[in-house]
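Working notes, structure below.
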């Protein structure tokens, strides 16, 4: 028997929170040692700028167009509507 999707999400959320808190503690430790930041090359800064630029969120119509013919699981046989996450076709 498989775990419900929400159980996976809860576990992932806890793990992500723990990692974030650990990293925050590490940064505070480094600050206490006198570190104020890191030096990045122009190339690294350019990569980060391109990686994290805001993009316009996709509309439901665009998502529906991408996923409307999805056949990755057996639910596609009886599906009448796209259901994000878990749902009843």
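Numbering (my numbering), first residue to last: 43 to 131. The beta carbon of each residue, even a glycine, is placed where N, CA and C say it ideally should be.
Please report the residue range of the alpha helix (DSSP H) in which residue i lies.
i: residue 104; result: 102-109
i: residue 89; result: 84-93
With burial defined as no fewer than 16 other Cβ atoms inside 10 Å of the residue's Cβ, what is the status of residue i: buried or exposed?
i: residue 99; result: exposed
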